[in-house]
Ligand code: OGA
Ligand code: MN
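Numbering (our numbering), first residue to last: 553 to 830.
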């Protein structure tokens, strides 16, 4: 089968067809994938149809795979099931927060480098596309004045901030459970080791240091609206077997809402970060 490679927008995303199963689990394919991620933020392998062993093997070719604490699948402790079905995942109740634009692992000093998601089952009752927004492109497009104004701005990220979007009125017990995940402050502009700059915003961004909650919220909302304009966004409509990989340091992403009874089931791995936010 011939391999095709298509760029999706002027700045973002590449779609690859014709690479599946064991043909994907290859050093050269992985090296090309890493180069493409750095350039385009998200790589989509259409109908890659990788099984769990192949998903883990390909992830290992890309970087250090993060083990999932209390993972459901003992044979593959690196794989997390992404579903709203509580019978399949203890974390199902938290998935609604993925409907809001976010970056994974922002409460760590070193956020995950990349996330891999493959569709075992797609939604059978609507919703469930995934959208990606490129924060390199969004930063680049800001005016010089706006860039200068953001230079020393710092933002507090927390799991609690993202859950409050879904459940604005938690009981004290719920709130205390969320707050067990420590918050972390980051600069709003991430200057990467290669000098490129991206924006650290999204659902986990709760407060701007030194500003009132209202002022902080207004700035964060404005930056999120800016960054998720159509010219910075790629939308993926899933087919069974698709494998999507994104550079989690620069790609805001969200699932379009799908119901609790949806058959949608994704298998996911995460690659450990290599760079602290600075
Ligand atoms: C995630 C995530 C989006 C989706 O797993 O981190 O944001 O479409 N998933 O399921
Ligand atoms: Mn995510």
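Glycine included, each C-beta is placed from N, C-alpha and C at the ideal position.
Cβ-heavy atom distance, residue i to the ligand MN, below 8 Å
i	result
residue 658	no
residue 654	yes
Where the alpha helix (DSSP H) containing residue i begins and where it ends
i	result
residue 700	696 to 702
Residue i - partner residues in DSSP beta bridges
i	result
residue 567	558, 596
residue 666	799, 823
residue 868	Since the displayed the chain opens at 553 and closes at 830, residue 868 lies outside it and no answer follows.
residue 671	818
Where the beta strand (DSSP E) through residue i begins and ends
i	result
residue 786	785 to 788
residue 821	817 to 823
The ligand OGA heavy atom lying under 8 Å from the CB of residue i
i	result
residue 834	The structure shown does not extend to residue 834, since the chain is modelled only from 553 to 830, so the question has no answer here.
residue 628	no
residue 813	no
residue 807	yes
residue 669	yes
residue 787	no
residue 650	yes
residue 844	Because the chain spans 553 through 830 in this model, residue 844 falls outside it and cannot be assessed.
residue 818	yes
residue 754	no
residue 682	yes
Heavy atom of the ligand ATP within 8 Å of residue i beta-carbon
i	result
residue 677	Inclusion of the ligand ATP in the displayed structure is not the case, the ligand content consisting of the ligand OGA and the ligand MN alone.
Residue i (DSSP reduced to helix, strand or coil)
i	result
residue 650	helix
residue 643	coil
residue 583	helix
residue 773	helix
residue 657	coil
residue 575	helix
residue 779	helix
residue 812	coil
residue 793	coil
In chain order, which continuous runs of the beta strand (DSSP E) of length 3 or greater are located wholly inside the segment 588 to 635?
594 to 597, 632 to 634
Curious, which full-length beta strand (DSSP E) runs of at least 3 residues does the segment 677 to 765 contain?
682 to 686, 706 to 709, 736 to 739, 741 to 743, 749 to 751, 757 to 760
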